[in-house]
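Chemist: Here's a structure for you.
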Amino acid sequence: MGKPETIVDKIWRNHMVHQEEGKPDLMYIDLHLIHEVTSPQAFEGLRLNNRSVRRPDLTYATMDHNVPTKNRDVIEDEISKKQMETLRKNCKDFGITLADMFHPDQGIVHVIGPQLGLTQPGKTIVCGDSHTSTHGAFGALAFGIGTSEVEHVLATQTLWQKRPKTLNVHVEGDLGTGVTAKDLILAIISKFGVRFGTGYVIEYTGEAIRNLSMEGRMTVCNMSIEAGARAGLISPDKTTVEFLRDKPNVPQGEAFEAKAAEWLALATDEGAEYDETVTINAEDIEPQVSWGTNPGMCVPVNSETPDISESENPDEVARALEYMGLEEKQPIQSIDIDHVFIGSCTNSRITDLRKAASIVEGHQVSDGVRAIVVPGSFGTKLQAEKEGLDTIFKEAGFEWRESGCSMCLAMNDDIVPPGGRCASTSNRNFEGRQGNGARTHLVSPEMAAAAAIEGHFVDVRKFAANIYS
Amino acid sequence: MEAIQKHQGTAVPLNRSNVDTDQIIPKQFLKRIERTGFGQFLFYNWRFDEDGNVREDFVLNNSAYHDGTILLAGENFGCGSSREHAPWALLDYGFRVIIAPSFADIFYNNALKNGIIPVQMDEEQVQQWIKRAEKSELELTVDLQEQIVRDDEREVPFDIPAYHRENLLNGLDEIALTLKHEAAITAFEQAAE
Chain X
8 MGKPETIVDK IWRNHMVHQE EGKPDLMYID LHLIHEVTSP QAFEGLRLNN RSVRRPDLTY
68 ATMDHNVPTK NRDVIEDEIS KKQMETLRKN CKDFGITLAD MFHPDQGIVH VIGPQLGLTQ
128 PGKTIVCGDS HTSTHGAFGA LAFGIGTSEV EHVLATQTLW QKRPKTLNVH VEGDLGTGVT
188 AKDLILAIIS KFGVRFGTGY VIEYTGEAIR NLSMEGRMTV CNMSIEAGAR AGLISPDKTT
248 VEFLRDKPNV PQGEAFEAKA AEWLALATDE GAEYDETVTI NAEDIEPQVS WGTNPGMCVP
308 VNSETPDISE SENPDEVARA LEYMGLEEKQ PIQSIDIDHV FIGSCTNSRI TDLRKAASIV
368 EGHQVSDGVR AIVVPGSFGT KLQAEKEGLD TIFKEAGFEW RESGCSMCLA MNDDIVPPGG
428 RCASTSNRNF EGRQGNGART HLVSPEMAAA AAIEGHFVDV RKFAANIYS
Chain F
665 MEAIQKHQGT AVPLNRSNVD TDQIIPKQFL KRIERTGFGQ FLFYNWRFDE DGNVREDFVL
725 NNSAYHDGTI LLAGENFGCG SSREHAPWAL LDYGFRVIIA PSFADIFYNN ALKNGIIPVQ
785 MDEEQVQQWI KRAEKSELEL TVDLQEQIVR DDEREVPFDI PAYHRENLLN GLDEIALTLK
845 HEAAITAFEQ AAE
């Protein structure tokens with residue numbers, strides 16, 4: 008037996024193409040996901056230098072950031088249209104599979120990767136999108152890259168990477184009823200800050216993590232980047248294996264069992280050492296609501312916005328409260344909302360929709376609230392419709408849309424107007440994220456559903472009988 | 665990428681931490697398919713209000729800093745989205761150096777790939793320069809070869825990993841460098857099959 012290793016050690020070792028003193032390591036990339044916004048300049052670079060895509064078979068494209076979620080027949084925004092046409096042409100010219108806007112596999116890139124079984128334990132996965140960390144839920148080493156790196160991966164299927172430090176975020180105990188993976192990751196970021204993960208890969212461990220579904224794990228890993236970590240991952244276990252069984256791009260039958268054994272062997276060894284470890288107790292966590300302009304600015308729903316003078320950084324807090332149109336020490340439950348967005352690569356999967364629907368069922372969206380549900384993929388949408396979730400949402404007064412990134416970053420028409428206030432299941436509450444002057448409050452799907460009904464934030468545990476488990 | 669060895673310029677103080685890439689270049693400007701032309705949209709929502717009027721209190725709207733090429737900022741500069749449009753916008757606007765106590769990982773890489781020098785310095789030093797630049801014009805010289813920033817009084821060292829420094833100094837095409845290892849890549853692929 009050698010020295011106990013973390014999953015990061017193992018994946019790193021398995022992907023080393025070249026190593027030399029004074030340089031980062033040259034790492035092989037197993038899966039490169041691309042979308043319309045961060046790829047055009049990379050393909051342009053290839054053309055200018057007369058280069059080809061080394062492994063189109065390891066590259067997979069979809070359209071998600073820009074696509075309309077209402078009427079897809081006419082793209083009114085000419086520049087968006089051009090960007091989408093450019094991706095179509097690039098995929099055709101370079102032989103890359105594309106889940107186009109009308110393709111049955113279309114969806115948010117971080118939703119379809121796992122659905123299609125492209126995301127697998129032990130893989131190195133990159134995408135020109137910071138929420139690529141999502142795929143770490145499967146025990147993959149997955150991280151966001153810029154467009155120059157997209158070009159580099161297209162041309163060489165490798166990246167120069169400095170070996171990251173490892174950070175174990177250990178979650179003891181289990182989450183209470185009505186407290187979700189989203190609340191857990193928001194609580195982690197608010198406790199340790201938006202830069203505690205910078206320079207690290209986070210591995211999430213502990214009972215609460217083991218008890219999460221794959222969808223919950225994706226929610227947690229998705230927001231690793233909001234803690235500063237390019238990648239966050241979870242060692243594969245039985246839950247991982249069962250999620251991937253029968254997925255389209257995984258081996259089938261006996262070959263699957265052999266593959267599953269390989270995956271399980273990637274888990275961090277007993278006694279392996281991390282560069283850092285932090286611990287949080289899941290039992291202390293309550294449903295969270297962000298009050299400010301970065302994801303670390305969160306508090307439990309039963310509390311209030313910060314006291315400026317008591318804050319560590321009074322200027323930053325005052326500025327955030329001003330942008331958000333909130334007072335200091337204002338009770339969270341007194342905040343009225345006018346928009347609700349259930350969607351994004353953080354929370355748009357089938358279990359997210361089931362959980363939100365279970366709260367919504369039999370209720371009506373509050374007067375003056377515009378509420379939309381945007382399934383993460385076309386497949387998710389179909390599944391939800393099969394289960395009748397769309398009917399529940401529509402009868403309650405929600406709009407039921409086509410899949411895409413939508414109001415998470417408001418690149419398409421799904422925009423929160425200036426001064427509008429949104430309870431959002433997305434991942435970023437930055438200034439202007441959902442629209443110029445828009446105010447975003449990050450919450451779980453259940454909390455967003457409850458806010459839609461009440462017109463302001465409430466503790467979802469009030470709907471105890473409806474909480475889906 | 666344009667090579668950069670040494671850069672002298674006026675410092676622009678942006679005394680905020682956690683400046684995210686959504687602020688550096690808002691999403692409505694990410695639809696272009698070129699690398700150029702993003703400078704006009706840099707910090708758009710901080711430069712202009714919702715009706716498109718100039719926000720006079722924002723530093724980039726102060727004529728004293730119009731020729732600034734070195735940005736001074738707080739902790740965790742460039743956090744959030746991986747959009748390389750952020751360094752493209754900074755570069756196109758005229759910035760060649762960002763000095764901050766810390767950078768977000770993806771932004772740091774993206775800056776390096778575009779000939780922007782991300783200079784990491786201790787917070788006290790950055791704050792001192794920010795205070796000076798807020799009061800009167802502050803001229804800094806950033807010497808990448810020597811890894812030193814000079815003001816009118818002294819030299820302050822900084823560190824950029826050797827590999828990246830080399831690429832910046834020479835404006836190297838990283839893909840061409842990597843393709844020199846093509847045999848190793850092919851061997852890796854064959855072994856994996």
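Protein chains in written order, with the working numbering: chain X, 8 to 476; chain F, 665 to 857. For every residue, glycine included, the Cβ atom is placed at its ideal position computed from N, Cα and C.
(1) Give me, in chain order, the residues of the same chain whose beta-carbon lies closer than 6 Å to that of Y708(F); leave out the 5 immediate sequence neighbours on both sides.
(2) Cβ atoms of G153(X) and K777(F): under 8 Å apart, would you say?
(3) Start and end of the beta strand (DSSP E) containing L736(F)?
(4) Counting only beta-carbon separations shorter than 8 Å, does E838(F) have a partner in chain X?
(5) Using a Cβ-Cβ cut-off of less than 8 Å, give me the residues of the region 75-107 of chain X that come near chain F, in sequence order.
(6) Looking at the unbroken alpha helix (DSSP H) that takes in Q789(F), where does it start and where does it end?
(7) Among all the DSSP beta bridges, which residues are the ones paired with L416(X)?
(8) Check this for me: beta carbons of P75(X) and N443(X), under 8 Å apart or not?
(9) Figure out for me which residue from G303(X), D282(X) and L105(X) has the closest Cα to the Cα of S197(X).
(10) I'd like to check one pair, A149(X) with H159(X): are the Cβ atoms closer than 8 Å?
(11) Rounded to the nearest angstrom, how far is the Cβ of C415(X) from that of G375(X), given a contact under 8 Å?
(12) Which stretch, first to last residue, makes up the alpha helix (DSSP H) that contains D100(X)?
(13) Please classify L808(F): does DSSP put it in a helix, a strand, or coil?
(14) Once the 5 residues before and after F702(F) are set aside, which same chain residues still bring their CB inside 7 Å of it?
(15) Could you please tell me which residues of the region 734-751 of chain F, in chain order, have their CB closer than 7 Å to any CB of chain X?
(16) Using a Cβ cut-off of 8 Å (strictly closer), state whether T905(F) contacts chain X.
(17) Please compile the residues from chain F whose C-beta is within a distance smaller than 7 Å of the C-beta of Y35(X).
(18) Compare the beta carbon distance of I241(X) and H138(X) with 8 Å and say whether it is the shorter of the two.
(19) Is there a C-beta anywhere in chain F that falls below 8 Å from the one on A417(X)?
(20) Which residues does DSSP list as the beta-bridge partners of M23(X)?
(21) So V723(F) and V676(F) are supposed to be a Cβ contact under 8 Å. How far apart are they, rounded?
(22) Check distances from the C-beta atoms of the region 316-331 of chain X to those of chain F and list, in chain order, the residues that come in under 9 Å.
(23) Using a beta-carbon distance below 8 Å, is P255(X) in contact with chain F?
(24) Between the region 330-347 of chain X and the region 422-437 of chain X, are three or more C-beta pairs nearer than 8 Å?
(25) Suppose the cutoff is 6 Å on Cβ atoms and the five residues either side in sequence are ignored; what does the same chain contact list for F50(X) look like?
(26) CA-CA distance, E801(F) and Q337(X)?
(27) Which chain X residues sit within Cβ distance under 7 Å of N709(F)?
(28) Which chain F residues sit within Cβ distance under 9 Å of T154(X)?
(29) I'd like the list of long-range same chain contacts for R468(X), defined as Cβ closer than 6 Å, with 5 residues on each side in sequence excluded.
(30) So is A773(F) buried or exposed if we call it buried at 16+ other beta carbons inside 10 Å?
(31) What does N175(X) pair with, by DSSP beta-bridge criteria?
(32) Which of the three DSSP states is assigned to A403(X) in this structure?
(33) Assuming the contact rule is C-beta atoms closer than 8 Å, Q672(F) and T805(F) should be a hit. Round their C-beta distance to whole Å, please.
(34) I'd like to know whether the C-beta of E714(F) is nearer than 8 Å to at least one C-beta of chain X.
(35) Count Cβ pairs between the region 68-82 of chain X and the region 23-31 of chain X that sit closer than 8 Å; are there 3 or more?
(36) Chain X beta carbons: is any one of them nearer than 8 Å to that of Q687(F)?
Modeler: The relevant details are as follows:
(1) P690
(2) yes
(3) I734 to A737
(4) yes
(5) D84, I86, S87, K89, Q90 and T93
(6) E787 to K799
(7) In DSSP, L416(X) forms no bridge with anything.
(8) no
(9) G303(X)
(10) no
(11) Going by Cβ atoms, the distance from C415(X) to G375(X) rounds to 22 Å, so no, they are not a contact pair.
(12) E85 to F101
(13) coil
(14) I689, F693, H749, W752, A753 and D756
(15) E739, N740, C743, G744, S745, S746, R747 and E748
(16) As displayed, chain F neither begins before 665 nor continues past 857, which places residue 905(F) out of reach and without an answer.
(17) F852
(18) no
(19) yes
(20) M34(X)
(21) 6 Å
(22) N320, D322, E323 and R326
(23) no
(24) yes
(25) N97
(26) 41 Å
(27) E438, G439 and N443
(28) R699, S746, R747, E748, H749, W752, N774 and K777
(29) G185
(30) In the sequence under discussion, the amino acid at residue 773(F) is Asn, which differs from the Ala named in the question. The residue is buried, with at least 16 neighbouring Cβ atoms inside 10 Å.
(31) E210(X) and T284(X)
(32) helix
(33) 4 Å
(34) yes
(35) no
(36) yes
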